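Read through the structure below, which is laid out as structure tokens, and then see the notes.
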Amino acid sequence: MTITTPRNTSGTPLVPAAPPVTAPEPEATVTFTVDGIETTVPKGTLVIRAAEQLGIQIPRFCDHPLLAPAGACRQCLVEVWAPGRDGNVAKMPKPQASCTLEATPGMQVKTQHTSPEADKAQHGVMELLLINHPLDCPVCDKGGECPLQNQAMSNGRAATRFVDVKRTFPKPIAVSTQILLDRERCVLCQRCTRFSEEIAGDVWIDLQKRGAQQQIGTFDTQVLGFAGDAPVGASTVDTSGRPFASYFSGNTVQICPVGALTSAAYRFRARPFDLVSTPGVAEHDANGSAIRVDHRRGVVLRRLAGDDPVVNQEWITDKDRFGFHWQSAPDRVTTPMVRRRGADGTRGELEPCSWVEALDTAAEGLRTAIAGPGVGVLPGGRLTLEDAYAYGKLARVALGTNDVDHRARPHSAEETAFLTHHVAGRTLQVTFADLVAAPAVLCVAYEPEEEGGIVFLRLRGSVVAGRTRVFSVAALASRGLERLDGTLLAAAPGTEPEVLDAIATGADDVLGTTAEALAAEGAVIVVGERAASVPGTLTAVLRLAERTGARVAWIPRRAGERGAIEAGTLPTLLPGGRPVADAAARADIAATWGVDELPATPGRSADEILAAAAEGRLGALVVGGVDPADHADPAVARAALDAVPFVVSLEVRRSEVTDRADVVLPVAPPVEKPGTFVTWEGRPRPFPQALTTTQLADHRVLDRLADALGVDLGLQTLTAVHDELDRLGGWGGARGDAPATDPAEPPAVPPGHAVLATWHQLLDAGRLQDGEQYLAGTAKRTVARVSPATAQAAGLADGDDVAVSTDRGTVTVPVQVTDMADHVVWLPTNPRGAAVRDVLGAVAGTVVRLERAGESDAPLVVDGATGPVSGDAADAVAGVRADEEEQA
Amino acid sequence: MAEQRKKKARPGATPASSGGQVQRTARTGGEVDRPADEGYRSLIEKRSGLGELLAPVAGFGVTFSNMFRPTVTEQYPRERVPTKPRYHGRHQLNRYADGLEKCIGCELCAWACPADAIYVEGADNTPEQQFSPGERYGRVYQINYLRCIFCGLCIEACPTRALTMTNEYELAGPTRPGMIWEKQDLLAPLREGQLSTPHPMVEGTTDTEYYRGEVTGTTDEQVAWVAEHRPEDPTLPENRAKGATVPDLGATRLAQREITAGAHRQGGAR
Chain D
1 MTITTPRNTS
11 GTPLVPAAPP
21 VTAPEPEATV
31 TFTVDGIETT
41 VPKGTLVIRA
51 AEQLGIQIPR
61 FCDHPLLAPA
71 GACRQCLVEV
81 WAPGRDGNVA
91 KMPKPQASCT
101 LEATPGMQVK
111 TQHTSPEADK
121 AQHGVMELLL
131 INHPLDCPVC
141 DKGGECPLQN
151 QAMSNGRAAT
161 RFVDVKRTFP
171 KPIAVSTQIL
181 LDRERCVLCQ
191 RCTRFSEEIA
201 GDVWIDLQKR
211 GAQQQIGTFD
221 TQVLGFAGDA
231 PVGASTVDTS
241 GRPFASYFSG
251 NTVQICPVGA
261 LTSAAYRFRA
271 RPFDLVSTPG
281 VAEHDANGSA
291 IRVDHRRGVV
301 LRRLAGDDPV
311 VNQEWITDKD
321 RFGFHWQSAP
331 DRVTTPMVRR
341 RGADGTRGEL
351 EPCSWVEALD
361 TAAEGLRTAI
371 AGPGVGVLPG
381 GRLTLEDAYA
391 YGKLARVALG
401 TNDVDHRARP
411 HSAEETAFLT
421 HHVAGRTLQV
431 TFADLVAAPA
441 VLCVAYEPEE
451 EGGIVFLRLR
461 GSVVAGRTRV
471 FSVAALASRG
481 LERLDGTLLA
491 AAPGTEPEVL
501 DAIATGADDV
511 LGTTAEALAA
521 EGAVIVVGER
531 AASVPGTLTA
541 VLRLAERTGA
551 RVAWIPRRAG
561 ERGAIEAGTL
571 PTLLPGGRPV
581 ADAAARADIA
591 ATWGVDELPA
601 TPGRSADEIL
611 AAAAEGRLGA
621 LVVGGVDPAD
631 HADPAVARAA
641 LDAVPFVVSL
651 EVRRSEVTDR
661 ADVVLPVAPP
671 VEKPGTFVTW
681 EGRPRPFPQA
691 LTTTQLADHR
701 VLDRLADALG
711 VDLGLQTLTA
721 VHDELDRLGG
731 WGGARGDAPA
741 TDPAEPPAVP
751 PGHAVLATWH
761 QLLDAGRLQD
771 GEQYLAGTAK
781 RTVARVSPAT
791 AQAAGLADGD
801 DVAVSTDRGT
811 VTVPVQVTDM
821 ADHVVWLPTN
831 PRGAAVRDVL
841 GAVAGTVVRL
851 ERAGESDAPL
861 VVDGATGPVS
871 GDAADAVAGV
881 RADEEEQA
Chain C
1001 MAEQRKKKAR
1011 PGATPASSGG
1021 QVQRTARTGG
1031 EVDRPADEGY
1041 RSLIEKRSGL
1051 GELLAPVAGF
1061 GVTFSNMFRP
1071 TVTEQYPRER
1081 VPTKPRYHGR
1091 HQLNRYADGL
1101 EKCIGCELCA
1111 WACPADAIYV
1121 EGADNTPEQQ
1131 FSPGERYGRV
1141 YQINYLRCIF
1151 CGLCIEACPT
1161 RALTMTNEYE
1171 LAGPTRPGMI
1181 WEKQDLLAPL
1191 REGQLSTPHP
1201 MVEGTTDTEY
1211 YRGEVTGTTD
1221 EQVAWVAEHR
1231 PEDPTLPENR
1241 AKGATVPDLG
1251 ATRLAQREIT
1261 AGAHRQGGAR
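Chains as they are written, first to last, in our numbering: chain D, 1 to 888; chain C, 1001 to 1270.
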């Protein structure tokens, strides 16, 4: 399908692969020679890059293709001859740094291969760099994959002439719970500082001091605007007492050309030469970032960013990098289990059993339900394309229902219509390339940094390059938006449709500016999955797109959402965007699946399925990786799982569903199965299996389950699934209707109350971040944000504890007074210990009570090792010797 | 070539007596082609006269002459003859003078090993659990003596001289798992004056002082630390004075001995 070239089938594959990117024809070229070899490169190419293309390796440390040239390390010196004003080719008086030197016509470059002078210069620089570099390669994590080690061998002296004492520092500094800094290993290449400045935009380390004392250190974060976004974990504090916060800090560990920056999670765990590397795709978000999984003896030890210029370039978020321990958590389900009910009808205990018994029990229970009130299927949003497809096919073919919905989050009928109409079957219509080429990007119900990660980095690159302006319809300007130099179109939750409709040319202030910007060719409206929780938003977005000509991209959070839509796990959708209501589409699918007919009535959404189950109108549920707490009302989800007579759960780890399941079938996490994630763009991202395992992918388990039900799904192998997806192909027929939902009247806000605004932070209490204490320490601290007026009305001062409550519960967190819409309180959706949906039973737009709960014990700025992180991370930081350098 | 040698040995023999030739008689199918049987012909030249008469006696010359030479037979295992000093015997993980381990878990030995016999995992030293000087120590250290070829490349790779080879060569064992020696089997036994790990480094020193050999024994603070955290530790001077025995064999080796001893009791071996 996606991975292979299309076979001899008519039409396009279900999820076609992206066409290869061809470099644009350069407007002007330069011809010059390197080591006597003539080459022609686009104008502006750096000499070091041109030499690379010829296969000539020039040693370097500071040079990185994605960072601006710095010329910091001086390792890439070459001899250069260039035509002067008189036209005579003359030698430049001194060797030149090839990483900052643009090629010019007629230039003659001699590298260390042909010029003894360049070779001697490089040896000299290497000797200088090594003067203070410790000889601790055996204990250094970089040893074995270290550019300094390698190039010291290839371009350095065999023995040192330095006889004095090397400069040492107390080591290591814990920049955060995750990032450790050994300053004596640093060669001051500034890759890390340039990354944090140019790419991530959160400057958390910088050069300090001068001359021989120059070093990398943490920086005054107060000056850099970190107020309020402090991490929960311990991290090194600077003189202002403020710690670091960054979601992208792990990238600096990877690009550090020496072992100066290391990660606490991987420190001393392995050596590169005994790791096996497998390419992979990150499972944490819908970007499909290319990663590399390094494992040893069946244990994943680290993940690194892969190199994919069209998706994530060479960067990934810290969540993608460090959040992999969940896949080997101690609560993994390893064998099938059945619950043996007592003779008196009481719920028994789950007991491990054989696959045959589990499948037979599941089939028996499902058969009873099919004959009775029916079965609902909740696959969850983290599946691969193949697995989601199997869920959809199982529901339609074996269970005879369209009651299948992967959305384990707040959703609406409007969203179903939007996805059917605008998203399903339309792959690669807006891509990362379109996003970074867009003159204007409007984010609606979407926080690029918190909910996107790589989308934020790509957008920021484009903003920094001066191509893109970012606008955001949100309750407040987050720090992510500030770093995108974005414009806020303030909208209290519930008023988004109103604000979107007000964006019109001729309107004064920012609304008019936004309309003009969106009218430009190539503008994009990015709408997040949160739009579903405010009625009328998606309708208004489509209206705005029609009005301005901007294109709409829908970006969900979870890795499997887009693939699931293509695979047809929505109650109104069959694979490839075919509407269930369309008889031709049904016939098309039925023919491929070899069945007489498919259920014609569109099914119920996840909320409706759960409500029906809670009321006893459903006979059984087949549940994938779903956490009840993720649903709009977790209480209903739990009640449904309690009330429904029969629950089949396919899970990687024990969860709340396991406790309520009658049959538990273990499935493999992404690292133990091959599959394909589909990015928000609709780009297929196939990945191979990294670890050997006895666990099965969901589609194989579902195939066996269907077999036990007497139905042959024919999805036993990945190849079989791909063949079937290829045969299905895309859909050229009619799409579903566009949503037409009127916005609801914003609720009245009584005194002492506020409307809840909320979104997920990148690092929170998510199940896929379990078991990684070092990463948890870099999550942002939980604060509530209110405007000055709202704070005053509720009697709150900056730093007080505020009790945000509904009839169901109370969340007490420190408050931070922020410049934002009035009568609104913002809370992160799912921080550790204060999950909004679970505790408050509230979603964005709910009216909540605000009360002062006294002075906050914890200051907004946490000090050093006093953070609430416990266990390994605290130990790691406690074990780090205090920075005694100032006393020295 | 063989033919040439034959010619030299038997100049009178007919050359190329169809050595490679194959008899092709009537076939019934299924036969294998093989050279014709030529019978046995000795390669030793036939002697004549007196030489032939004395030939059996000459054979005893070797026997008689050796009767008057010193014997070379070693009565192993009843007598154990020391090896040459640089003999490649089993490995040992050495300790510094105060008992801290020299191994830093760098895995260079595993990298150097041509037989893939070594497996190492490193880990962090913490103030509570200090096994070696500096930040890193070898948490897991295994040598598989079913694979080890005793080439000594691991010894050359070791940056801290933690791994050396002893002259011990009696490495046979009754079980396969028992042939994978763990860290506790390989660690050098604790001599008088050494403390078992973990315990803190000598105060005021770094790993550099340890590498340079400037640490020459335990300090009172180290003894006090161990006495506080592990009062029963047999390596503590007071416990040694009371006659506590410090085991010098690891669990794997003890288990192997137990099995061997059991086999002996059953009369299998003497």
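The beta carbon of each residue, even a glycine, is placed where N, CA and C say it ideally should be.
In this text the structure is predicted, and so the values were computed from the model without any measurement.
_Looking at the strands, I want to know which residues DSSP matches up with Tyr1137/C._
Ala1123/C
*asked:* Per the DSSP calculation, Ala620/D is bridged to which residue(s)?
replied: Looking at the DSSP assignment, Ala620/D forms a beta bridge with Val375/D, Phe646/D.
*asked:* For Gly144/D, which residues in the same chain have their Cβ closer than 8 Å to its Cβ, ignoring the five residues on either side in sequence?
replied: Arg271, Pro272, Phe273
*Cα-Cα, which of Arg685/D, Thr40/D, His123/D is closest to Val903/D?*
Because chain D in this structure spans residues 1 to 888, residue 903/D falls outside the shown range and cannot be described.
*Who are the neighbours of Ala1110/C on chain D, taking C-beta pairs under 9 Å?*
Arg271, Phe273, Asp274
*Which residues in the same chain as Ala584/D place their Cβ atom closer than 7 Å to its Cβ, once the five residues preceding and following it in sequence are excluded?*
Correct list, in chain order: Gly733.
_Start-to-end residues for the alpha helix (DSSP H) that takes in Cys1154/C_ = Per DSSP, Cys1154/C belongs to the alpha helix (DSSP H) from 1153-1157.
*Cβ shell of Glu1107/C (< 6 Å), same chain only, five flanking positions each side left out*: Val1120
*Could you check which residue in Pro751/D, Arg302/D, Arg183/D has the C-alpha nearest to that of Asp320/D?*
Per the Cα distances, Arg302/D.
*Neighbour list for Ile1180/C in chain D, Cβ cutoff strictly below 8 Å*: Neighbours of Ile1180/C across chain D, judged by C-beta separation under 8 Å, do not exist; the nearest C-beta is about 14 Å away.
*asked:* Short of 7 Å Cβ to Cβ, which residues in the stretch 119-149 of chain D face chain C?
replied: Pro138, Val139
*Tell me Glu79/D's beta-bridge partners as DSSP assigns them.*
Glu79/D pairs with Lys110/D.
*asked:* Tell me which residue opens and which closes the beta strand (DSSP E) that Phe1064/C is part of.
replied: Note, Phe1064/C: premise wrong, no beta strand (DSSP E); alpha helix (DSSP H) at 1050-1067.
*Nearest chain C C-beta to Phe226/D closer than 8 Å, yes or no?*
Model confidence at Phe226/D stands at a pLDDT of 43, short of 50, so the residue's coordinates are unreliable and nothing is read from them.
_Unbroken beta strand (DSSP E) run spanning Met126/D, endpoints_ = Unbroken run through Met126/D is the alpha helix (DSSP H), 116-131; no beta strand (DSSP E).
*Mind pulling the chain C residues with CB within less than 8 Å of Phe268/D?*
Gly1105, Gly1122, Ala1123, Asp1124, Glu1135, Arg1136
_Min CB distance Pro1085/C to chain D below 8 Å_ = no
*Taking Cβ-Cβ distances shorter than 7 Å, what residues in chain D pair up with Pro1159/C?*
Pro138
*Do the CB positions of Leu385/D and Val678/D come within less than 8 Å of each other?*
yes
*Would you say Asp434/D and Gly348/D are within 8 Å of each other, going by their C-beta atoms?*
no
*Over the uninterrupted alpha helix (DSSP H) stretch that includes Ser462/D, give me the two end residues.*
454-464
*At which residues does the beta strand (DSSP E) containing Asp294/D begin and terminate?*
290-296
*On the three-state DSSP scale, how would you describe Glu198/D?*
helix
*Evaluate the contact criterion for the stretch 755-770 of chain D versus the stretch 830-841 of chain D: three or more CB pairs, one atom per stretch, below 8 Å.*
yes
*Within the present structure, is the beta-carbon of Gly560/D separated from the nearest heavy atom of the ligand PLP by less than 7 Å?*
Of the ligands one can find in the structure shown there are none, so the ligand PLP has no counterpart to examine.
*asked:* Using only CA atoms, which one of Gly675/D, Arg49/D, Thr401/D lies nearest to Gly563/D?
replied: Gly675/D
*How big is the Cα-Cα spacing for Tyr247/D and Phe32/D?*
42 Å
*Looking at Gln1184/C and Gly1099/C, is the spacing between their C-beta atoms short of 8 Å?*
No; because the gap between Cβ atoms is not below 8 Å, this pair is not in contact.
*Would you check if there are 3 or more beta carbon pairs closer than 8 Å linking the stretch 481-497 of chain D to the stretch 464-473 of chain D?*
yes
*Considering only residues of the same chain and omitting the five flanking positions on each side of Gly1134/C, which have a CB-CB separation below 6 Å?*
The beta carbon of Gly1134/C sits closer than 6 Å to the beta carbons of Asp1207 from its chain, once the five residues preceding and following it are set aside; these are given in chain order.
*asked:* Can you confirm whether Gln222/D, when its beta carbon is compared against all beta carbons of chain C, has any partner nearer than 8 Å?
replied: With a pLDDT of only 41 at Gln222/D, under the threshold of 50, the placement of this residue in the model should not be trusted, and no figure is reported.
*Per DSSP, which one or two residues make a beta bridge with Val721/D?*
Residue pairing by DSSP places Val721/D in no beta bridge whatsoever.
*Kindly indicate which residue of Val187/D, Asn132/D, Leu476/D has the alpha-carbon position closest to the one of Thr160/D.*
It is Asn132/D whose Cα lies nearest to the Cα of Thr160/D.
*I think Arg586/D touches Ala567/D, with their Cβ atoms under 8 Å apart; what is that distance to the nearest whole Å?*
With 8 Å as the limit, Arg586/D and Ala567/D do not qualify as a contact, their Cβ atoms being about 16 Å apart.
*Could you give the residue range of the alpha helix (DSSP H) that holds Phe322/D?*
318-322
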